[in-house]
Amino acid sequence: MITIIHGDDIVSSRNFLVGQKQKIKNPLEFNGESITISDLVQIFEGGELFSDQKTLFLEDFLTKRKASKDKDQILSYLSKYQNHDIFLWEGKEVSAKSLSAFKKAEVKHFKLPQSVCFLYAGSSIPASFGTIRFELKGAN
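Residues in the sequence shown are numbered consecutively from -6, following our numbering.
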């Protein structure tokens, strides 16, 4: 099964990914920007003595890898091997177009709560501008 993990809440999505990796005895981890079709052939078609089931963790493939013939080949190849566990982790939100390449994928979308965004934005504004003016005058 293919699982796509993405969203603005990088901490939560990363924790989920780490939790999945810890459940696996021999996870195969690759950077999505540098993986090749040859790597995938070796992973899925190479003979393993003790395990036929593979678990692949691929990071930043959908969002950082530029559109190309090679990327399309990799997407097609991954779709053929959905009987294995394939985790795609993205450090930001993935577009609906990119998600549509994997119709049967389980999508884990990690959004930041809206209240956190407002709290964060408010924390960067000083209590009063007079305080700043006072501090600047005191510096002279």
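For every residue, glycine included, the Cβ atom is placed at its ideal position computed from N, Cα and C.
Problem set entry | 4 or more residues per run - each alpha helix (DSSP H) lying fully within the region 55 to 110 | 62 to 73, 89 to 92
For this session: Over the uninterrupted beta strand (DSSP E) stretch that includes Glu26, give me the two end residues.
Result: Unbroken run through Glu26: none, as it is neither H nor E.
For this session: Pick helix, strand or coil for Ile(-5), following the three-state DSSP scheme.
Result: strand
For this session: Output the boundary residues of the alpha helix (DSSP H) element that contains Gly0.
Result: Taken as a continuous stretch (DSSP letters only), Gly0 belongs to no alpha helix (DSSP H), as it is neither H nor E.
Exercise. Short check: CB of Ile(-3) to CB of Leu105, under 8 Å?
Worked result: no
Exercise. Out of curiosity, what's the CA-to-CA distance linking Ser72 and Phe95?
Worked result: 7 Å
Problem set entry | Residue closest to Asp142, alpha-carbon to alpha-carbon, out of Leu49, His(-1), Ile(-5) | With the chain represented from -6 up to 133, any question about residue 142 goes unanswered, as that position is not in the structure.
For this session: Could you tell me the distance, in whole angstroms, from the CA atom of Glu83 to the CA atom of Asn8?
Result: 13 Å
For this session: Using a threshold of 8 Å, state whether the C-beta atoms of His77 and Phe37 are closer than that.
Result: yes
Exercise. For Gly12, is the classification buried or exposed, using 16 other Cβ atoms within 10 angstroms of its Cβ as the cut-off for buried?
Worked result: Taking all protein chains shown into account, Gly12 has fewer than 16 neighbouring C-beta atoms within 10 Å of its C-beta and is therefore exposed.
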